[in-house]
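Okay, structure first, notes after.
Numbering (our numbering), first residue to last: 2 to 115.
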């Protein structure tokens, strides 16, 4: 059943009322049986794969569209700029190759649209 009820859990520092107790009362927080997903993922909408990096290398996006690199672990520099856990980098198509230099073992989730 649809409802127009809104419970505000967080309001980005605004002074409006939060509804934490009411939200908890109506939340169905049952345990989910989450299955791990193996990579690469190949579907009609997008592809993903995992890059494990432990030494410097040159990266080039040779696809027709953008790709995204998401830092899952590690830190270092990408094209001379520092990267760290949780950051995402949008890589334009056909750009010049650039250097990825890990300072620690790095895992990057790479995703792109076919």
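Positions of the beta carbon are idealized from the N, C-alpha and C atoms, including for glycine.
Helix, strand or coil at residue i [DSSP, three-state]
i, result
"residue 89", "strand"
"residue 19", "coil"
"residue 83", "strand"
"residue 114", "coil"
Burial state of residue i (16 or more Cβ within 10 Å)
i, result
"residue 39", "exposed"
"residue 27", "exposed"
"residue 60", "buried"
"residue 109", "buried"
Supposed contact pair residue j and residue i - C-beta distance, whole angstroms, cut 8 Å
i, j, result
"residue 54", "residue 112", "The pair is not a contact, with the Cβ atoms about 16 Å apart (cut-off 8 Å)."
"residue 97", "residue 69", "That belief does not hold up - the Cβ atoms of residue 97 and residue 69 are roughly 18 Å apart, past 8 Å."
"residue 77", "residue 56", "Not confirmed; about 10 Å, so no contact."
"residue 80", "residue 99", "4 Å"
Any non-hydrogen atom of the ligand MG closer than 7 Å to residue i Cβ
i, result
"residue 47", "This structure lacks the ligand MG, and indeed carries no ligand of any kind."
Residues near residue i by beta carbon distance below 8 Å, same chain, minus five either side
i, result
"residue 93", "62 and 67"
"residue 64", "94 and 113"
Contacts around residue i, its chain only, beta-carbon distance under 7 Å, and the 5 residues preceding and following it disregarded
i, result
"residue 8", "20, 23 and 24"
Residues near residue i by beta carbon distance below 6 Å, same chain, minus five either side
i, result
"residue 50", "40, 41 and 111"
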